[in-house]
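Notes for the one structure printed next.
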Amino acid sequence: MLNFKMSELIHSNKAIEHNINNMPDINSLDNMLDLIFYCLQPVRDKIGKPFDISSGYRNTQVNKLVGGKTNSQHLKGAAVDFKIRGMTVTAAINAIKNTGIEYDQLINEYDRWVHISFVKGKNRKQNLKY
35 MLNFKMSELI HSNKAIEHNI NNMPDINSLD NMLDLIFYCL QPVRDKIGKP
85 FDISSGYRNT QVNKLVGGKT NSQHLKGAAV DFKIRGMTVT AAINAIKNTG
135 IEYDQLINEY DRWVHISFVK GKNRKQNLKY
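Note that our numbering gives residue 59 to position 25 of the sequence shown, counting from 1, and the numbers run on in steps of one.
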């Protein structure tokens, strides 16, 4: 069973606030499906706690408004920022590392949220902290 919906990965308060259509193209949708299937859902199944997603896909306009990097994986639908309920960011990252799932980047962003990305066939398994 999947615990994630595409609508969660597309939703953007910033897009709504600025009346921007944040609908991804077909390639970004495909990347989001891979992210859910190979990364997010396996983590959710192994950790057993709900996720609160704060940012998924962002088009160029939305990415700029939120201060995202120009090469952000969010622009391709290949990244998501989230918290795991009942866990600190550090605890969530350590738990994710222990699951053995594939990911491209796993980033502790300012101890405020987890950033995880997935690039099918090209995962670098990078662990970063900002």
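A virtual CB, placed ideally from N, CA and C, is assigned to each residue, including glycine.
Using a threshold of 9 Å, state whether the C-beta atoms of residue i and residue j are closer than that.
i, j, result
"phenylalanine 152", "tyrosine 72", "yes"
"valine 114", "isoleucine 87", "yes"
"glutamate 136", "tyrosine 164", "no"
"leucine 69", "isoleucine 150", "yes"
"lysine 75", "glutamine 107", "A quick correction: the sequence has glutamine, not lysine, at residue 75. Result no, Cβ atoms of glutamine 75 and glutamine 107 do not sit closer than 9 Å."
"asparagine 105", "methionine 57", "no"
Tell me, please, which residues DSSP counts as bridged to residue i.
i, result
"alanine 113", "Ser151"
"glutamate 42", "According to DSSP, glutamate 42 bridges with nothing at all."
Determine the direct distance from the alpha carbon of residue j to that of residue i, and round the result to whole angstroms.
i, j, result
"lysine 80", "asparagine 161", "19 Å"
"valine 100", "serine 46", "10 Å"
"lysine 110", "histidine 52", "21 Å"
"phenylalanine 38", "arginine 78", "9 Å"
First and last residue of the alpha helix (DSSP H) that includes residue i?
i, result
"leucine 63", "60-68"
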